[in-house]
Amino acid sequence: MKVVSTYHAPSSISHSVKCSFTQDRNMEFLVVAKVNKLDVYALLPEGLSLQCTLDVWGRITSLHAISTSSQLLVTTDHPDPKVFLVDYEVSDRAIPELVVSKTLDLYERGTRSSEFFTGALADPDGELAIVSSYVGKLKLVRLEHGRIIRDSDASLRELNVLSMCFLYGPKHHAKVLAILHRDHAQKIVLTSHDISLHDLELSFSPSALLPECKVKDPMANVLIPVLPYQNSSWNAHGGVLVLGGTKVYFYACSPVEKQKKKKKDNTVTLDDLDKKVPKPLARMEWPYSEITAYTQVDPHRFLIGDAFGRIVLLALSPKSAGIQLVPLGTASPPMSLTPLSSQYVFLGSHFGDSQFIRILPDKSSAEGSYLDVLDLISNIAPIVDAVVVDIDDTAQPHIVTCSGGKNSGSLRIIRRGATFTEMAAIGDFPNITDVWPLKSRYHDQYHTRLLVTTPALTSIYALPPRNSVDKDAIRHLSSDDYSGFSVNATTITSANMVRRTVSESRKSEYHDSPYVVQVTLFAVNLIDMDSGREESKWIPGPDREIVVADISPSQICLALSGGRLVLLTIEDDRITQQSHKDLSEISALSIAPLDSSKMFSNYVAVGFWQKHQIQVFSLPNFEPKGTVTDLSCLPRSVLFHSFGDRGTPPQSHILVGQSDGTVAVIPFHKGNVGNKRMVRLGDSPVHLCSCAVDGHPVVIASAGRASIFFWDKESVQHAPVLVKDVLKASYLDAYFWPSSLIFVTPSGLSIGHAEENNNLHIRTISMGLDNPVRIAYSPEANAFGVGCVKTSPNKVNDLEQSTSSFQILDDLSYENLSTHPLAQDEEVTAVSTAVMEHEDNSVPFFCVGSMMCEPGLSEPTRGRILLITVSNMRKDPESLPHIYASSDTRGCVYAFANINGKLAAAVNTGVVLYRLEQLQGSNTGNLIKVAEWNHNYFVTSIVTQDDLLIIGDAISSVAVLQLKDSQLQTVAKDYSPLWPVCLGVFGENTIVGANSDGNLFSFTLRPRGTRHALESDGNYHIDDNVNKFVPGTLSFDSSHEGFTPRQLFFTASGRIGVVSEVHDHLSKLLTEFQRNLAGVIFGPGNLDHSLWRAPANTRGRSDGVAGAAGFLDGDFLENFLNFSPSSLEIAKIMAGRNQYEALNIPFGQIRGILESLQGIH
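For the sequence shown, the residue numbers in the UniProt record's numbering are 1 to 1161.
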């Protein structure tokens, strides 16, 4: 069983609209449609504020605001086309949300889907919507006050509809629909139909408002309605702009008088026929690329964007027939343009970052543009290739994607975690094992001293005061300054403490004090920070040492050798033993108060050397309260911590850092211990520290690498801190470094800020017109190899001029180290790294595959393979990469795989295997063909497992080959019409892949007698175009309590997902759990989850398929974490629909399983 989760949601924006949802019409909103999600932003003076979102189970094809109400009209694409009417509502708790109030199902069996125009139009008057989903048919939806009151199907004689729009006709005229379509003779025709609101029907003959005519531009595909101008001599009745090709045309609507005359006079002579065909009143050459977005600014001006991001203002002259084009500048390639206010425009993009743009009154002197980009919404779509690498050896890999297109090609470097900004580095502290910031008095705002310990000594350092000129001047203090500290011993722990007094009523009172406690192996010292002298000392009994200690504001808890647990307090300025308890040898303890407002702790948590468990005792008498059993390893640190912010209920937990680098997270409520969850951080023992990041209480765990634990999505989450080699961590709040962290590293101390606990950090390496299409990483060269295709902006219908190159980029600076241009008619199609057997050595190379673009051929017949040397130019700047070997191929090289020191290449219909041979007396070599397998149509995917090659045929299905004695032999082959796009290896003998219909599939290679067969064991509809599978995981922890991440996948919409293996003991449970969850949670319009994830194609779904098989929906399962434990939904999910569906598992256990699943991504 496999589970599919999302790491990065789709970021491509296809539609946007401005509207008003509230009675206050001055309050405006921007609604943005991504592939399967609606985001609502409030337009505020200080900027945009996200209000709410709605996940849509389907690909959004159109988005419109109903002008007479506060509703949105949304349509989705095949295989389940639907119409949604969406309301914006504010709950009693003042939380806004989008609610689907009405759904229309458009699915029809056996009908051909619309090929060009799929989506909806909304009437400007808010009375009618028209939806196009199928050829020859429209859905007419009657609206009244934002509600659907009736709908009807209408036949349409125009089959190949390119564009539609409502015309602005006379006030009492029937509504008129203008249609641009391609007829049977492949001519572009502009026509129109009257619409009867009463009957919800289209007129059969063209409307008199806009008679039918042929458009001479064969590339025209866009209609834009134009309002009539008052007192205009040429546009008094409105009209329509026809554009999208090489020209822009304006066709005017007929005057009312002519329409009436036409209705009375039905006789038309042949001589008059040509005169009655409307001619464009104005035309203009369009000197740019195809149009991808447009919007109306005012009645006679329109913003138009082309495929390369060139934004043009199209203006119609109010006085005389004429069209003017004013180029404004270049932005991201737009998919939507939405005017906001005061010359601000939102640009939604698929190929680049979406942008907030201000149109300037004058050209910018710096850019020579009228466009000023104010802000961005990051977009990593479309992802055409990607690699996962761990460059800085932090065991926290990051992703590098080939993203964007047109004029916005880029590499995106993506990491998740808390950013650490270093403000000071102190490297003169060798062999540090721990550090504790100290204050002069307990209630002081800032720390003023650092107590630093090594395995043998303790030192005190003064932090720079607020009047210091040099903020980095940390001064070492002599033992005379603080004689009360034991400097010739290692410190176990140290902290400030309050002064405790007991009133006459025996009530404890706590007061500010200058006291600091230092715990060493042989003593507990109480020091007055004002004088630096020792005030009191406590020494353990004979033959005992202090092995572990922890300090609360008024208590000191010690673990002595022999297993004795001791509680000390300070009374009358003296250290006093309050109680003790004898246990087995203790390895860790914590008495951190769970209530930060209290000066004492009610509990102590204790870990032991001899047993893998934690015991909780109440204080001060050490009465047992609970036990955490079955830890995976020895506990080396333990911490009480309450997550959550002020004003929210505290979420009390026990965290246990273990010797194997894992952390156990255990809920703890009123002395009761909950179910634990394990998180793996590294290989070394984990140290835990409470602190605050961005004002929120968190825990920093260090185990060679640092991680942060925080409260989010109603559970404890964790994320890496992007810094390596962290031994210990402490919270520092100094004048020059407020709310900071101080890390102990092998080289010294590092002080800095951590922020953005679990945000994705996306770094953009802009490449402009050089669109990266393939990428590979070479650790030997510390470099990326990137295949780029550069297409220059062209006019519509002009031949595209593209060139390709292979670029080598440094993995830290992304500086271009070397560029290898390809031939003029050559396009790069594959890039990989391979280790080739060469003279009994293994030599790494970059591999580049290409095809020759030859006009007039239906498929490529020539290609080339290049082997480029790998050299580390950072170490040896003179060792320039060069082409070591090349070989011509009989077709396009789609993919590479490295197997047993040889190179396998997918070339057109087969697989070719090469070995490397060096030319005598030369630093170049030859690629020698070893074997060839040619039994397919188009082999576009190839991956390896041991000596097996798994290939995907883009037209057929999947086959498995074996390399045996330098021969490629067929092991197994699937003959179903699967249309695979990409493949990945999922564990032993298991294949996972994606096809062109937006489905994931899986096969298992099983023996059948003396042969093998590919058994289909999984299908799942993801409704996205997956372009790449990459093996690996995004965290150090490759196993998450029942789950093992196997493959990452990357899609055209910018989605990054994880496919994980579900361990056998959870497969049945989670399958039943998803069934019960689907009975409670439905998609917009009450869409059933099982139907939504059932495999589909362009023709819809088979009646014989009830749902997905072999895959679980991880994102759907995690919705369970959003419910309160006492909610009715939880009760329904656990009970199922009947007694046989009831889940016999505690709520806390299933929550822990889902939190572990959530931790994968």
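No residue lacks a Cβ here, since even glycine has one placed at the ideal position from N, Cα and C.
{"Asked": "Endpoints, beta strand (DSSP E) assigned at GLN1074", "Found": "Not the beta strand (DSSP E): GLN1074 falls in the alpha helix (DSSP H), residues 1064-1078."}
{"Asked": "Stretch-stretch touch, CB-based, cutoff 8 angstroms, three pairs: the stretch 408-416 with the stretch 762-782", "Found": "yes"}
{"Asked": "Straight-line gap, ALA834 to PRO844 (C-alpha atoms, nearest Å)", "Found": "6 angstroms"}
{"Asked": "Three-state secondary structure assigned by DSSP to GLN343", "Found": "coil"}
{"Asked": "According to DSSP, residues forming a beta bridge with PHE617", "Found": "VAL604 and PRO624"}
{"Asked": "ALA954 versus TYR975: straight-line alpha-carbon distance, rounded", "Found": "12 angstroms"}
{"Asked": "Minimum C-alpha distance to TYR442 - residue among VAL373, ASP481 and TYR515", "Found": "TYR515"}
{"Asked": "Where ILE1150 sits in the DSSP three-state scheme", "Found": "helix"}
{"Asked": "Neighbour-count burial assignment, ARG150, 16 or more Cβ in a 10 Å radius", "Found": "exposed"}
{"Asked": "CB-CB length for GLY644 against GLN651, believed under 8 angstroms", "Found": "5 angstroms"}
{"Asked": "Nearest-angstrom Cα separation, counted from GLU1061 out to SER5", "Found": "11 angstroms"}
{"Asked": "Among ARG1011, VAL981, ILE539 and PHE986, the one whose alpha carbon lies nearest that of LYS973", "Found": "ARG1011"}
{"Asked": "MET851 classed as buried or exposed, judged by whether at least 16 other C-beta atoms fall within 10 angstroms", "Found": "buried"}
{"Asked": "Straight-line gap, PHE116 to ALA321 (C-alpha atoms, nearest Å)", "Found": "31 angstroms"}
{"Asked": "Sequence ranges, alpha helix (DSSP H) only - wholly within the stretch 141-179, length at least 4", "Found": "none"}
{"Asked": "Cα-Cα separation, ASN407 to GLN1139", "Found": "59 angstroms"}
{"Asked": "Whole-number beta carbon distance between SER14 and SER336, since they are thought to touch under 8 angstroms", "Found": "7 angstroms"}
{"Asked": "Rounded separation between LEU919 and GLN396 - CA only", "Found": "42 angstroms"}
{"Asked": "Sub-9 angstroms separation of ILE751 and LEU727 beta-carbons", "Found": "no"}
{"Asked": "Sequence-distant residues of its chain with Cβ nearer than 8 angstroms to GLN801 (five each side left out)", "Found": "THR791, SER792 and ASN794"}
{"Asked": "Meets three-Cβ-pair contact criterion under 8 angstroms: the stretch 36-50 and the stretch 1069-1077", "Found": "no"}
{"Asked": "Three-pair Cβ contact test at 8 angstroms for the stretch 478-486 versus the stretch 525-537", "Found": "yes"}
{"Asked": "Collapsed DSSP secondary structure at ARG1099 in the structure displayed", "Found": "coil"}
{"Asked": "Cut-off 8 angstroms between Cβ atoms - residues of its own chain near VAL958, not counting five sequence neighbours on either side", "Found": "ILE950, ILE951, GLY952, LYS973, ASP974, LEU978, PRO980, LEU983, ILE991, GLY993, PHE1003 and LEU1014"}
{"Asked": "Beta-carbon contacts of LYS924 that lie in its chain and below 7 angstroms, excluding the five residues immediately before and after", "Found": "Just to set this straight, residue 924 is Thr in the shown sequence, not Lys. Counting only Cβ-Cβ distances below 7 angstroms, and skipping sequence neighbours, we find TYR884 and ALA885."}
{"Asked": "Pairwise C-alpha distance: LEU809 and VAL870", "Found": "12 angstroms"}
{"Asked": "Nonlocal neighbours in the same chain, by C-beta distance under 7 angstroms from GLN343, ignoring five residues either side", "Found": "ARG358 and ILE359"}
{"Asked": "Beta-bridge partners of MET284, as assigned by DSSP", "Found": "VAL248"}
{"Asked": "Beta bridge counterpart(s) of ALA462 as assigned by DSSP", "Found": "ARG449 and ARG475"}
{"Asked": "Host beta strand (DSSP E) of ALA122 (start-end)", "Found": "119-122"}
{"Asked": "Per DSSP, the bridge partner or partners of LYS728", "Found": "VAL744"}
{"Asked": "PRO980 - partner residues in DSSP beta bridges", "Found": "ASN995"}
{"Asked": "The stretch 323-340 touching the stretch 434-451, judged by at least three CB pairs closer than 8 angstroms", "Found": "no"}
{"Asked": "Identified DSSP bridge partners for PHE784", "Found": "TYR777 and LEU809"}
{"Asked": "Collapsed DSSP secondary structure at residue 1246 in the structure displayed", "Found": "Here the chain has residues from 1 to 1161 only, and residue 1246 is not among them."}
{"Asked": "GLU826 burial status per 10 Å Cβ neighbour count (16 or more: buried)", "Found": "buried"}
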